[in-house]
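Student: The structure under discussion is supplied below as structure tokens; questions concerning it will follow.
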Amino acid sequence: MTLLETKNISIGFPSRHGIFIAVKNVSLTVKPGEILGVVGESGAGKSTVGNAIIALLEPPGEVIEGSVWFNGARIDDLSAEEKRLMRGKKIGMIFQDPQTSLDPLKTIRQQLVETIDLHLKLGKKGSNQRALELMEQVGIPEASLRLDHYPHQFSGGMRQRVVIALALCGDPELIIADEPTTALDVSVQKQILDLMRELCVSKNVGMILVTHDMGVIAEVADRVAVMYNSELMEVGETSQILSNPQHEYTKSLISAIPRPDKRVDRFPLVSYIEKVVENESEFNVKDHWLGQSRDFDMKVADDGRILEVKDLCMRFQQTNSIFKHKRRYLDAVKNVNFTIKEGETFGIVGESGSGKSTIARMITGLYTPYSGLVNFLGKEISAISHTPEVLPYRRQMQMVFQDPFSSLNSRMRVMNIVAEPILFHKLAKTREEAEHIVLDLLKLVGMSDDAYQKYPHQFSGGQRQRISIARALATRPRFLVCDEPTSALDVSVQAQILNLLKDLQEELNLTMMFISHDLPVIRQMCDRVAVMQSGRILELSDTEDLFIKPQSDYSKHLLSLMPNLKMISK
Amino acid sequence: MAKPNNNSKLTLFFKGDLWYSFSKSPTAIISFSLTVICLFAAFSAQLIAPFDIFDLAAIDLMDADLPPMWSTFDGYDGDPRFIFGTDDQGRDIWSGILYGAQISIFVGFTSVIISAIIGIALGLLAGYSGGRIDSFIMRVADIQLSFPAILIALLIDGVMRGLLPRELHDELAIYVLIFAISISGWVQYARTIRGSVMVEKNKEYVQAGQVIGLPKHTIAIKHILPNVLSPIFVIGTIHLASAIITEATLSFLGVGMSPTTPSLGTLIRIGNEYLLSGEWWITLFPGLALVILVLSVNIFGDWLRDALNPKLR
Chain A
1 MTLLETKNIS IGFPSRHGIF IAVKNVSLTV KPGEILGVVG ESGAGKSTVG NAIIALLEPP
61 GEVIEGSVWF NGARIDDLSA EEKRLMRGKK IGMIFQDPQT SLDPLKTIRQ QLVETIDLHL
121 KLGKKGSNQR ALELMEQVGI PEASLRLDHY PHQFSGGMRQ RVVIALALCG DPELIIADEP
181 TTALDVSVQK QILDLMRELC VSKNVGMILV THDMGVIAEV ADRVAVMYNS ELMEVGETSQ
241 ILSNPQHEYT KSLISAIPRP DKRVDRFPLV SYIEKVVENE SEFNVKDHWL GQSRDFDMKV
301 ADDGRILEVK DLCMRFQQTN SIFKHKRRYL DAVKNVNFTI KEGETFGIVG ESGSGKSTIA
361 RMITGLYTPY SGLVNFLGKE ISAISHTPEV LPYRRQMQMV FQDPFSSLNS RMRVMNIVAE
421 PILFHKLAKT REEAEHIVLD LLKLVGMSDD AYQKYPHQFS GGQRQRISIA RALATRPRFL
481 VCDEPTSALD VSVQAQILNL LKDLQEELNL TMMFISHDLP VIRQMCDRVA VMQSGRILEL
541 SDTEDLFIKP QSDYSKHLLS LMPNLKMISK
Chain B
571 MAKPNNNSKL TLFFKGDLWY SFSKSPTAII SFSLTVICLF AAFSAQLIAP FDIFDLAAID
631 LMDADLPPMW STFDGYDGDP RFIFGTDDQG RDIWSGILYG AQISIFVGFT SVIISAIIGI
691 ALGLLAGYSG GRIDSFIMRV ADIQLSFPAI LIALLIDGVM RGLLPRELHD ELAIYVLIFA
751 ISISGWVQYA RTIRGSVMVE KNKEYVQAGQ VIGLPKHTIA IKHILPNVLS PIFVIGTIHL
811 ASAIITEATL SFLGVGMSPT TPSLGTLIRI GNEYLLSGEW WITLFPGLAL VILVLSVNIF
871 GDWLRDALNP KLR
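Protein sequence lines, in the order shown, are assigned to chains A and B.
Position 154 of the first sequence, counting from 1, maps to 154 under this note's numbering, and the rest follow consecutively.
Here this note's numbering runs 570 ahead of the position in the second sequence, where the first position is 1.
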């Protein structure tokens with residue numbers, strides 16, 4: 001028997017440019033006790049399906065075709081009031097961000113009791129009793145004490161547990177979870193997923209789990225629906241989809257997932273989504289501007305070291321005071337040492353707040369270190385960040401940023417964005433020459449011919465990241481710092497960008513420092529890795545060694561949290 | 571090289587959301603048309619006004635105190651030459667309004683532009699450099715904000731009056747006014763710009779500029795400034811209305827434009843003296859003109875603010 005069925009639903013958002021169809025002819029079924037994963041990249045329409053089922057579409061969106069059936073009764077044509085009563089009682093919802101889905105002014109008890117009272121009418125005592133039971137079920141220690149706390153007193157993971165308890169208040173038969181673990185750290189994500197799995201089985205509740213993350217799907221879903229571009233591509237058992245996908249899109253999606261278990265040279269088959277201008281280097285880089293003049297007076301040391309970091313520390317002032325002893329500092333980076341050799345890719349991995357971005361910013365001169373040395377090409381560059389003397393060294397070092405939406409100046413055309421470093425450093429004799437170089441650079445990073453005259457907002461996230469890379473290459477750097485360059489991108493776009501970075505490194509003989517929180521990505525990209533936790537490097541070893549025989553407990557712990565993708569074929 | 575571009579800024583504008591919501595909003599269309607009509611009328615005063623009010627030879631005291639053409643006052647009938655009647659000197663009120671509005675609008679526009687330039691420069695400096703410079707500029711702004719703008723304008727006007735000889739003062743009155751109003755209005759621009767700059771300077775494109783090695787002033791002017799300018803148009807429009815009002819108030823108080831080169835405020839003040847003796851038209855018509863001008867600019871400014879604010883959509 002099926003719990004929920006959507007029959008060919010289409011959802012449209014009318015606007016002055018006509019109706020935008022967000023979801024086209026999607027048919028899904030969920031059985032009691034089953035977790036159906038809905039997976040897709042951003043803009044695929046997966047969240048809209050979830051919102052439509054629970055009738056929380058943002059106006060002016062509406063279901064323009066098809067029907068939704070719940071326990072054999074049609075629910076999409078109910079009145080707004082009847083739909084309101086369904087929500088919470090029959091269908092519960094778990095939202096993405098636990099920071100914002102709880103009312104910060106009410107205690108957990110008030111929020112739970114209010115919901116229970118509304119749906120089950122148990123009376124004061126019964127409601128409180130049930131609230132306590134729910135808190136215990138979702139695994140919150142000292143539940144009776146924690147009930148009277150406010151949301152800000154809980155950590156992110158605990159808060160998401162409370163949100164789950166809240167979704168369970170009315171004893172729903174179906175739960176819709178929209179990216180329930182995206183805002184959480186990996187270690188917490190695993191606990192939450194286990195909890196959701198366990199609750200679905202024990203309470204015989206059906207669940208629709210909307211996510212962009214194949215790792216999450218592999219972990220908990222029984223069946224998977226793959227969505228792309230508002231349409232349903234493929235539905236099937238999780239193991240079948242992962243190991244033997246039928247649709248071309250699914251194949252491409254699966255192949256783009258960075259594999260944690262072995263290193264591959266390139267991600268295959270990733271051109272389904274964003275057509276990349278394939279140019280197998282029409283020009284020979286060695287003869288081109290890009291390959292020339294590398295300021296040969298700046299020699300790499302004999303042992304190949306290009307960058308050396310010694311006892312690097314960074315502290316941020318947290319509270320200011322005129323009295324020295326009352327000032328509070330946060331030590332973001334503590335006594336970090338490492339060297340990077342020419343031509344290698346050096347990775348830094350760690351959870352949020354571990355200080356990895358701070359290191360990148362100190363090396364590139366955005367922060368002045370509290371103490372310690374940064375030695376680049378034999379020149380100490382940390383103390384004085386921007387004097388004419390250091391400028392040639394700084395030019396050899398460029399950075400690719402995390403957020404492609406804020407890293408390009410939206411008021412400038414792509415041509416000017418990429419040409420600016422060339423003109424500033426006087427790397428071209430004339431403006432015409434600089435513009436030619438820009439066109440070649442854009443071609444090199446796989447942008448189409450007319451890209452140079454557009455503004456950044458006319459491009460997708462992946463394309464912007466390509467522009468960002470082109471800008472970084474425009475100073476002819478030898479050393480490229482990539483600070484989470486793909487964490488804001490969809491997985492298939494990530495694969496393309498990672499391919500691009502690998503190609504560029506090979507062609508231009510770049511040295512890279514690659515920062516990421518994502519271990520599988522690190523494995524694909526890096527030769528050596530530093531594992532960081534709260535400002536310190538815990539382990540520094542070759543990538544293969546780290547993944548095969550990690551030394552520190554923390555590395556072992558991180559590795560154990562990697563999503564289990566063994567089911568993926570090959 | 572960047573020549574072929576069929577998406578010119580103009581076509582983009584007409585396809586854009588701003589034009590769309592403008593064409594759907596009667597308030598915006600009416601207030602905008604009224605503003606344009608007022609501006610047009612004022613700046614073509616030399617062409618459309620029936621009399622030149624600055625030409626003393628054309629003024630005949632025999633025509634003084636005539637009521638509007640359709641009414642009778644004190645035994646005198648209105649004269650069809652003077653649509654809205656004449657003042658105590660025999661000057662045509664309608665011509666006075668057109669010339670007066672020209673001066674009012676000129677003073678308003680100029681002081682808005684000067685305030686905006688001062689405010690943008692100081693706001694950018696404060697927001698981008700931070701620290702002591704920021705504190706200093708913003709404290710000055712706070713102090714200035716604790717006095718009403720009109721008081722500051724009065725103060726500046728008073729000081730200028732003391733410094734300049736009397737004959738020169740009447741000649742320079744308009745510049746003193748512009749100076750006084752601009753100085754009293756920069757704070758709002760500076761605050762807005764500073765706030766936006768502080769948001770923008772933490773964005774990654776600014777860091778990218780730093781990594782490239784660009785000097786601070788290049789980053790501030792070339793990268794940050796274009797990204798923080800859009801609120802200025804809204805503030806500027808609304809400030810225009812209040813600058814015109816400030817000008818009128820100062821002139822009304824007798825510290826602005828002199829009666830020989832009257833602005834709207836001066837005209838209202840002249841008429842005010844005759845209000846109690848029944849000659850209502852001398853002050854009413856300039857007053858109405860001021861209300862229509864300021865109201866339409868203000869309403870258009872309000873609409874612009876709402877239309878450009880994505881949160882209110």
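No residue lacks a Cβ here, since even glycine has one placed at the ideal position from N, Cα and C.
How would you write the range of the beta strand (DSSP E) that B/TRP850 sits in, first residue to last?
Tutor: For the purposes of this step, residue 850 of chain B is taken as residue 280 along the second sequence, with counting starting at 1. Here B/TRP850 belongs to no beta strand (DSSP E), and DSSP marks it neither H nor E.
Student: Please list the terminal residues of the continuous alpha helix (DSSP H) segment that includes B/SER821.
Tutor: Mapped onto the second sequence, residue 821 of chain B falls at position 251. Looking at the DSSP string, the run of the alpha helix (DSSP H) that includes B/SER821 is 800-822.
Student: Given B/GLY666, which residues of its chain have a CB within under 8 Å of its CB, disregarding the five upstream and five downstream residues?
Tutor: Along the second sequence, read from residue 1 onward, the residue named residue 666 of chain B stands at position 96. Contacts found: ILE623, ASP657, PRO832, LEU837 and PRO856.
Student: Here's the rule I'm using: 16 or more other beta-carbon atoms within 10 Å means buried, otherwise exposed. How should A/THR588 be labelled?
Tutor: Any property of residue 588 of chain A remains undetermined from this structure, which presents chain A solely from 1 to 570.
Student: Quick one: which residues of the stretch 756-780 of chain B get their C-beta closer than 7 Å to a C-beta of chain A? List them in chain order.
Tutor: Cβ contacts with chain A come from LYS773, GLU774, TYR775, GLN777, ALA778 and GLN780.
Student: Determine the burial state of B/PRO574: buried for a count of at least 16 other Cβ atoms within 10 Å of its Cβ, exposed for fewer.
Tutor: Counting from 1 along the second sequence, the entry for residue 574 of chain B is found at position 4. In this prediction, B/PRO574 scores a pLDDT of 43, lower than 50, which makes its location untrustworthy; the coordinate-derived value is nonetheless stated afterwards. That one is exposed.
Student: With a cut-off of 8 Å, does the C-beta of B/HIS793 fall near any C-beta of chain A?
Tutor: For the purposes of this step, residue 793 of chain B is taken as residue 223 along the second sequence, with counting starting at 1. Taking Cβ atoms only, chain A reaches closer than 8 Å to B/HIS793, which makes this a yes.
Student: Based on the DSSP secondary-structure assignment, which residues constitute the bridge partners of A/GLY236?
Tutor: By one-based count along the first sequence, residue 236 of chain A stands at place 236. In DSSP, A/GLY236 forms a bridge with A/VAL224.
Student: May I ask you to report which of helix, strand or coil DSSP gives B/PHE825?
Tutor: Position 255 of the second sequence holds residue 825 of chain B. Note on identity: in this sequence residue 825 of chain B is Val, with Phe being the wrong assignment. Here B/VAL825 sits in coil by DSSP.
Student: In three-state terms, what does DSSP make of A/MET562?
Tutor: Counted from its first residue, the first sequence places residue 562 of chain A at position 562. Note: A/MET562 maps to coil in three-state DSSP.
Student: Does the beta carbon of A/ARG478 sit closer than 8 Å to a beta carbon anywhere in chain B?
Tutor: Numbered from its first residue, the first sequence carries residue 478 of chain A at position 478. For A/ARG478, the answer is no, since every Cβ of chain B falls outside 8 Å of its Cβ.
Student: Starting from the Cα of B/ALA813, find the closest Cα among B/GLY824, B/MET827, B/SER754 and B/ALA790 and give me that residue.
Tutor: Within the second sequence, numbered from 1, the residue matching residue 813 of chain B stands at position 243. Of the candidates B/GLY824, B/MET827, B/SER754 and B/ALA790, the one whose C-alpha sits nearest the C-alpha of B/ALA813 is B/SER754.
Student: Specify, as a first and last residue, the run of the alpha helix (DSSP H) that B/GLN758 falls within.
Tutor: As a working mapping, residue 758 of chain B is identified with position 188 in the second sequence. Where B/GLN758 is concerned, the enclosing alpha helix (DSSP H) stretches over 736-770.
Student: DSSP has B/TYR646 in a bridge; who is on the other side?
Tutor: The residue labelled residue 646 of chain B in the question sits at position 76 within the second sequence. Answer is B/PHE643, bridged to B/TYR646.
Student: Around the C-beta of A/MET135, are 16 or more other C-beta atoms found within 10 angstroms, so that it is buried, or is it exposed?
Tutor: Reading the first sequence from its first residue, position 135 is the one you call residue 135 of chain A. With 16 or more other Cβ atoms within 10 Å, it is buried.
Student: So, helix, strand or coil for B/TYR698, using DSSP?
Tutor: As a first step, residue 698 of chain B is located in the second sequence; it is residue number 128 there, counting from the start. Residue state, collapsed to three classes: helix.
Student: For A/MET399, would you say it is in contact with chain B, using Cβ-to-Cβ distances shorter than 8 Å as the test?
Tutor: As a working note, residue 399 of chain A is residue 399 in the first sequence. Answer yes: the Cβ-Cβ gap between A/MET399 and chain B drops below 8 Å somewhere.
Student: Using a Cβ cut-off of 7 Å, which residues of the stretch 781-814 of chain B contact any Cβ in chain A, in chain order?
Tutor: Result list: VAL781, ILE782, GLY783, LEU784, HIS793, PRO796 and ASN797.
Student: At a CB-CB cut-off below 9 Å, which residues of chain B make contact with A/ASP117?
Tutor: The residue given as residue 117 of chain A occupies position 117 in the first sequence. Within chain B, no residue comes near A/ASP117; the closest Cβ sits about 34 Å away, beyond 9 Å.
Student: Taking Cβ positions, are A/GLY535 and A/ILE497 nearer each other than 8 Å?
Tutor: Residue 535 of chain A sits at position 535 when you count from the first residue of the first sequence. Residue 497 of chain A sits at position 497 when you count from the first residue of the first sequence. Contact: no.
Student: Is the stretch 26-43 of chain A close to the stretch 222-232 of chain A, with three or more CB pairs under 8 Å?
Tutor: Contact holds: three or more Cβ-Cβ distances are below 8 Å.
Student: Distance, Cα to Cα, B/MET730 vs B/VAL757?
Tutor: One-based indexing of the second sequence puts residue 730 of chain B at position 160. One-based indexing of the second sequence puts residue 757 of chain B at position 187. Whole-angstrom Cα-Cα distance: 22 Å.
Student: Under 7 Å: does the beta carbon of B/SER705 sit that close to some heavy atom of the ligand ZN?
Tutor: In terms of ligand content, the structure shown is empty, and the ligand ZN therefore cannot be addressed.
Student: From this set, A/ASP222, A/PHE459 and A/ALA470, which residue's C-alpha is nearest A/LEU442's C-alpha?
Tutor: Within the first sequence, residue 442 of chain A is the residue found at index 442, counting from 1. Of the listed residues, the one whose Cα sits closest to A/LEU442 is A/ALA470.
Student: Is the beta carbon of B/GLN672 less than 8 Å from the beta carbon of B/ALA615?
Tutor: Along the second sequence, one-based indexing puts residue 672 of chain B at 102. Along the second sequence, one-based indexing puts residue 615 of chain B at 45. The answer is yes: Cβ separation under 8 Å.
Student: One question on the structure: do A/VAL400 and A/ILE467 come within less than 8 Å of each other, judged by their Cβ atoms?
Tutor: For this step, residue 400 of chain A is matched to residue 400 along the first sequence. For this step, residue 467 of chain A is matched to residue 467 along the first sequence. Contact flag unset, no.
Student: Taking 8 Å as the threshold (beta carbon to beta carbon), is A/PRO369 in contact with chain B?
Tutor: The sequence position of residue 369 of chain A within the first sequence is 369, counting from 1. It does not; no Cβ of chain B falls within 8 Å.
Student: Tell me whether B/PRO735 is buried or exposed, calling it buried when 16 or more other Cβ atoms sit within 10 Å of its Cβ.
Tutor: In the second sequence, counting from the first residue as 1, residue 735 of chain B sits at position 165. Answer is exposed; the Cβ neighbour count stays below 16.
Student: Is the number of C-beta pairs between the stretch 869-876 of chain B and the stretch 838-858 of chain B that are closer than 8 Å three or more?
Tutor: No, they do not touch.
Student: Indicate the three-state DSSP secondary structure (helix, strand or coil) for A/CYS482 in the structure shown.
Tutor: Residue numbering aside, residue 482 of chain A sits at position 482 when the first sequence is read from its first letter. The answer is strand: DSSP assigns A/CYS482 an E or B state.
Student: Indicate the three-state DSSP secondary structure (helix, strand or coil) for A/LEU184 in the structure shown.
Tutor: The sequence position of residue 184 of chain A within the first sequence is 184, counting from 1. Of the three classes helix, strand and coil, the one that applies to A/LEU184 here is coil, per DSSP.
Student: Please work out which residues of its chain come closer than 7 Å, Cβ to Cβ, to A/SER144, disregarding the five sequence neighbours upstream and downstream, and give them in chain order.
Tutor: Within the first sequence, the letter at position 144 stands for residue 144 of chain A. Closer than 7 Å at the Cβ level, and outside the excluded window around A/SER144, lie LEU132.
Student: Which residues mark the beginning and the end of the beta strand (DSSP E) in which A/ILE64 is found?
Tutor: For the purposes of this step, residue 64 of chain A is taken as the residue at position 64 of the first sequence. From DSSP, the beta strand (DSSP E) with A/ILE64 extends over 62-70.
Student: For B/TYR698, would you say it is in contact with chain A, using Cβ-to-Cβ distances shorter than 8 Å as the test?
Tutor: On the second sequence, position 128 is the one that residue 698 of chain B refers to. Closer than 8 Å: no.
Student: Can you name, in chain order, every residue of its own chain whose Cβ lies under 7 Å from the Cβ of B/MET571, other than the five neighbours on each side?
Tutor: On the second sequence, residue 571 of chain B is found 1 positions in, with the first residue counted as 1. Confidence at B/MET571 is low in this model, with a pLDDT of 38, below 50, so its placement is unreliable and the value that follows should be read with caution. For B/MET571, where only same-chain residues beyond five positions count, there are no Cβ hits under 7 Å.
Student: Excluding the 5 residues preceding and the 5 following A/GLU5 in the sequence, name in chain order all residues of the same chain whose CB lies nearer than 6 Å to its CB.
Tutor: As a first step, residue 5 of chain A is located in the first sequence; it is residue number 5 there, counting from the start. So the list reads THR29 and TRP69, once near-sequence residues are dropped.
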